[in-house]
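Below: the structure, in structure tokens.
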Amino acid sequence: MKICVFLSAADLDERYTRPAREFAELLGKGGHTLVWGGSESGLMKVVADGVQATGGRLVGVSVTFLAASARADPDEMVIAADLAERKRLLLEKSDAVVIMVGGTGTLDEATEILELKKHGHTDKPVVLLNTAGFYDGLKSQFLRMEEEGFLPVPLTDLVFFAEEPVGALAYLEESFGTP
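Laid out in structure tokens, this is it:
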């Protein structure tokens, strides 16, 4: 599978880097491809390093104003003109999406893929990896949206919430019928 991961390029502490590294190693060992923002810093670097070290492929999609901080040795790197093109390319190049911890950029990417799913423009599986309860508040908000009629489809049709990396990958592999 080609798995797009939306996540932070910030340097974060072990409570976030450990699960990211674990997920990356599961991806690589499973022979999967990481499709990511192409950065060579922070959590993005942790995940790319883990996938590459365990035999997975790397497909990066950076953006012109961040190209100087793009990873030098991926299997493929594309430089998008702007953030909108970057999101489009990340989704085009992937079979599934995992949302990890991140800031406003990650949240923007997450809500875009969920909006596309809501309107039937993609059927890619989406997992929100809720590391250390980072997305508890967002999950509560989504549940409220569902309960109060703001979502025209069940939340479970849009996103799967995983608490651990192994559960995230298991859900994706089950979605694609792979062991």
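Counting with the numbering used here, you get residues 237 to 415 for the letters of the sequence shown. Backbone N, C-alpha and C fix where the C-beta goes; we use that ideal spot for every residue, glycine too.
- Item | Nearest candidate by alpha-carbon position, reference L352, set G274, V395 and D247 | On the sequence shown, residue 352 is found 116 positions in, with the first residue counted as 1. That would be V395, whose Cα lies nearest to the Cα of L352.
- Task: Would you kindly work out how many angstroms separate the C-alpha atoms of S275 and D359, rounded to a whole number?
- Result: On the sequence shown, residue 275 is found 39 positions in, with the first residue counted as 1. On the sequence shown, residue 359 is found 123 positions in, with the first residue counted as 1. If I take the Cα positions, the gap works out to 27 Å.
- Task: Give a yes or no on contact between the stretch 356–375 and the stretch 320–338, applying the rule of three or more CB pairs nearer than 8 Å.
- Result: yes
- Would you be able to state if there are at least three C-beta pairs under 8 Å between the stretch 296–303 and the stretch 259–279? The stretch 259–279 and the stretch 296–303 touch, with no fewer than 3 CB-CB distances between them shorter than 8 Å.
- Are the stretch 255–274 and the stretch 397–410 touching, with three or more C-beta to C-beta distances below 8 Å? yes
- E250, buried or exposed, once every other Cβ within 10 Å from all chains shown has been counted against 16: For the purposes of this step, residue 250 is taken as the residue at position 14 of the sequence shown. Residue burial annotation: E250 is exposed, with fewer than 16 other C-beta atoms found within 10 angstroms of its C-beta.
- Rounded straight-line distance, which links the Cα of I315 to that of G413: Stepping through the sequence shown from its first residue, residue 413 is reached at position 177. Stepping through the sequence shown from its first residue, residue 315 is reached at position 79. The alpha-carbon atoms of G413 and I315 are separated by roughly 32 Å.
- Query: So is R380 buried or exposed if we call it buried at 16+ other beta carbons inside 10 Å?
  - Reply: Here residue 380 corresponds to residue number 144 of the sequence shown, with the count starting at 1. With fewer than 16 other Cβ atoms within 10 Å, it is exposed.
- Item | Residue burial classification, F378 (beta-carbon count within 10 angstroms, cutoff 16) | Position 142 of the sequence shown, counted from the first residue, corresponds to residue 378. By the neighbour-count rule (16 or more Cβ atoms within 10 Å), F378 is buried.
- Task: Go ahead and label F386 buried or exposed: buried means 16 or more other beta carbons lie within 10 angstroms of its beta carbon, across all protein chains shown.
- Result: By one-based count along the sequence shown, residue 386 stands at place 150. Label assigned to F386: exposed.
- Item | First through last residue of the alpha helix (DSSP H) which encompasses F397 | Locating residue 397 in the sequence shown gives position 161, where the first residue counts as 1. Unbroken run through F397 is the beta strand (DSSP E), F396 to A398; no alpha helix (DSSP H).
- Query: Under a three-way DSSP split, which group does E250 fall into?
  - Reply: The residue you call residue 250 lines up with position 14 of the sequence shown. Of the three classes helix, strand and coil, the one that applies to E250 here is helix, per DSSP.
- Would E373 be called buried (16 or more neighbouring beta carbons within 10 Å of its own) or exposed? Reading the sequence shown from its first residue, position 137 is the one you call residue 373. At residue 373 the sequence reads Gly, which differs from the Glu that was named. G373 comes out exposed.
- Query: How about L405 and G266: do their beta carbons lie closer than 8 Å?
  - Reply: Reading the sequence shown from its first residue, position 169 is the one you call residue 405. Reading the sequence shown from its first residue, position 30 is the one you call residue 266. Result yes, Cβ atoms of L405 and G266 sit closer than 8 Å.
- Segments of 3+ residues assigned as beta strand (DSSP E) that fall wholly inside the stretch 274–360: 293–299, 312–316 and 332–335
- Query: Between the beta-carbon of L327 and the beta-carbon of L279, is there less than 8 Å?
  - Reply: Along the sequence shown, one-based indexing puts residue 327 at 91. Along the sequence shown, one-based indexing puts residue 279 at 43. Going by C-beta atoms, L327 is not nearer than 8 Å to L279.
- Item | CB contact below 8 Å: L325 versus chain B | The displayed structure is made up of one protein chain only, and chain B is not part of it.
- Task: Can you check DSSP and say which residues form a bridge with L391?
- Result: Position 155 of the sequence shown, counted from the start, is the residue given in the question as residue 391. DSSP output for L391 lists no bridge partner at all.
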